[in-house]
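So for the sequence shown, this note's numbering puts the first residue at 760; every next one is plus one.
Ideal Cβ positions, reconstructed from N, Cα and C, are used throughout, including at glycine.
As structure tokens, the structure follows; a few thoughts come after it.
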Amino acid sequence: MAIDQLLELLTDYCNPRAFNQYRDVHPELDLPDGATRRRRNLRQYLRAFADARFVLVGEAAGYAGCRFSGIPFTCEAQLVGPERLDWTLECGDGLARSSAGETLWVERSAKIVWEALRTRSDCLLWNAFPWHPFEEGDLLSNRAPGRDLSAGLEVLRC
760 MAIDQLLELL TDYCNPRAFN QYRDVHPELD LPDGATRRRR NLRQYLRAFA DARFVLVGEA
820 AGYAGCRFSG IPFTCEAQLV GPERLDWTLE CGDGLARSSA GETLWVERSA KIVWEALRTR
880 SDCLLWNAFP WHPFEEGDLL SNRAPGRDLS AGLEVLRC
């Protein structure tokens, strides 16, 4: 499946119990073009790892990582900040933050995973549920996707 088709699948998903970081923008948390930036980040990532032989699949997008970066197991600090990953250097100015806050988001699990994979280009990271499931009333929380997990199957098959 082409990257454009994958992005369309991701963008089309709608669920009041999950934030679709590829389509939606929260006025207090995101830059006005935040969703566009996250789609562009994901596109750059998929191109950089197009020849990957393995896929490491996590459960769901986390609020401090993929929710703002658009890339599984990756936070903004790893894309454009002080913890920048090696592969991001090849993307030039193609990567961008999407959060409106003063500081870049940092995610602990992203740091752990990329520490183990830092120089590998043969492993693509993904989430079984590629959107951000949150606790009711708290957009900056994580919850297990539960019954929503099946919605990610079509995307996972790509």
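An exposed status is given to Glu-895, since fewer than 16 other beta-carbon atoms sit within 10 Å of its beta-carbon. Taking C-beta separations shorter than 6 Å and ignoring five residues to either side along the sequence, the partners of Tyr-804 in its chain run Ile-830, following chain order. Sorting Gly-860, Arg-867, Phe-778, Val-814 by C-alpha distance to the C-alpha of Gln-837 places Arg-867 at the top. Classified as exposed, Leu-912 has fewer than 16 neighbouring CB atoms from the shown chains inside 10 Å of its CB. DSSP places Glu-849 within a helical segment (H, G or I) once states are collapsed to three.
Rounded to whole angstroms, the gap between the alpha carbons of Ile-871 and Phe-832 is 9 Å.
Judged by DSSP secondary structure, Phe-827 falls within the alpha helix (DSSP H) whose first and last residues are 825-828. Beta-bridge partners assigned by DSSP to Asn-886: Gly-817.
The three-state reading of DSSP puts Asp-907 in helix, counting H, G and I together. For Glu-818, the closest alpha carbon among the candidates Asn-886, Leu-766, Leu-898 is that of Asn-886. The beta carbon of Glu-835 sits closer than 7 Å to the beta carbons of Phe-827, Ser-828, Arg-856, Ser-858, Leu-863, Trp-864 from its chain, once the five residues preceding and following it are set aside; these are given in chain order. If you compare the alpha carbons of Ala-820, Leu-883, Gly-793, Arg-916 with that of Ser-900, the shortest gap goes to Ala-820. Partner residues in a beta bridge of Phe-832, as assigned by DSSP, do not exist.
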